[in-house]
Amino acid sequence: MDPSAPAPAPRRLVLLSPDDAAFAARFLPLVPAALGAGLSVTVVTRVTDQRAAIEAAGARVVPFALGASNRNPMAAGYEAGQLAGILKALEADLLHALGLRAIVVGGTAAAMAGVAARIYQPDDLAALAARGDAAGRLSRLALRGVIRGALATRTTRYLCETPADAAALGLDPADTGLALVGADGLAAAAGTLYAELARA
529 MDPSAPAPAP RRLVLLSPDD AAFAARFLPL VPAALGAGLS VTVVTRVTDQ RAAIEAAGAR
589 VVPFALGASN RNPMAAGYEA GQLAGILKAL EADLLHALGL RAIVVGGTAA AMAGVAARIY
649 QPDDLAALAA RGDAAGRLSR LALRGVIRGA LATRTTRYLC ETPADAAALG LDPADTGLAL
709 VGADGLAAAA GTLYAELARA
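Under the working numbering, residue 728 is the last one in the sequence shown; the count climbs by one each step, no gaps.
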């Protein structure tokens, strides 16, 4: 190897979150975890008043407003098209989608932009996992079909904060594609996935 050759650019992670306040409150430790895995980090989110805190952690912030409804496919499709343009412009290598809306819109956008490496982190699916009625079972089947089917790739990983979230998606804790947040916390679990996917 030529020692004078420039070092390769770090792989680029995009964290997709509904808003910067929620990201700063719950997910800010993901930024140093990603930086520690050798990734460059961009947070794509609705910007209100926490941009400076996110940038101080070492991430770039790109404004993008995810809609609030999970039930409007036309709006989700329009958002996915916009987001695909952002992912292409950022030359993203890896998408980490935080929450159901981010997974649906982000997973669709990633497919459009050719970003195969994805981490899907659902948010509080315990109520859905606990529902034993026909509507609950149908909702779980539909969710699994989308998140583990149409929006999944060979390099998609699932990061769940509770066993109930994993159960709602029909994920077995022994599944190598699933990481459960343990005693070491979210940053450690995410850092392991980042390091794995940075080498993929």
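Positions of the beta carbon are idealized from the N, C-alpha and C atoms, including for glycine.
When the alpha-carbon of Glu607 is set against those of Thr636, Thr570 and Leu626, the nearest one is in Thr636.
One Cα belongs to Gly595, the other to Asp700, and the distance between them is close to 30 Å. When DSSP states are grouped into helix, strand and coil, Arg682 belongs to the coil group.
The C-beta distance from Leu708 to Ala694 rounds to 6 Å, short enough to fall under 8 Å.
Ranked by Cα distance from Leu626, the first of Asp651, Val643, Ala638 and Met640 is Asp651. By a beta-carbon distance limit of 8 Å, Ala585 contacts Pro560. Their separation comes to about 6 Å. Taking Thr704 as reference, the option from Thr684, Leu714, Ala692 and Ala716 with the minimal CA-CA separation is Thr684. Listed as beta-bridge partners of Asp547 by DSSP are Arg574.
Relative to the Cα of Val643, the nearest Cα in the group Ala617, Leu628, Arg668 and Gln649 belongs to Ala617.
Separation of the CB atoms of Ala638 and Leu628 is rounded to 15 Å, and the pair is thereby denied contact status at 8 Å. Per DSSP, the continuous alpha helix (DSSP H) segment holding Leu558 begins and ends at Leu558 to Gly564. Taking C-beta atoms under 8 Å as the contact rule, Asp621 and Arg539 qualify, at a distance of about 4 Å. Here the stretch 714-722 makes no contact with the stretch 670-682; the two share fewer than three CB pairs at distances below 8 Å. Between Leu567 and Tyr722, the C-beta spacing is below 8 Å.
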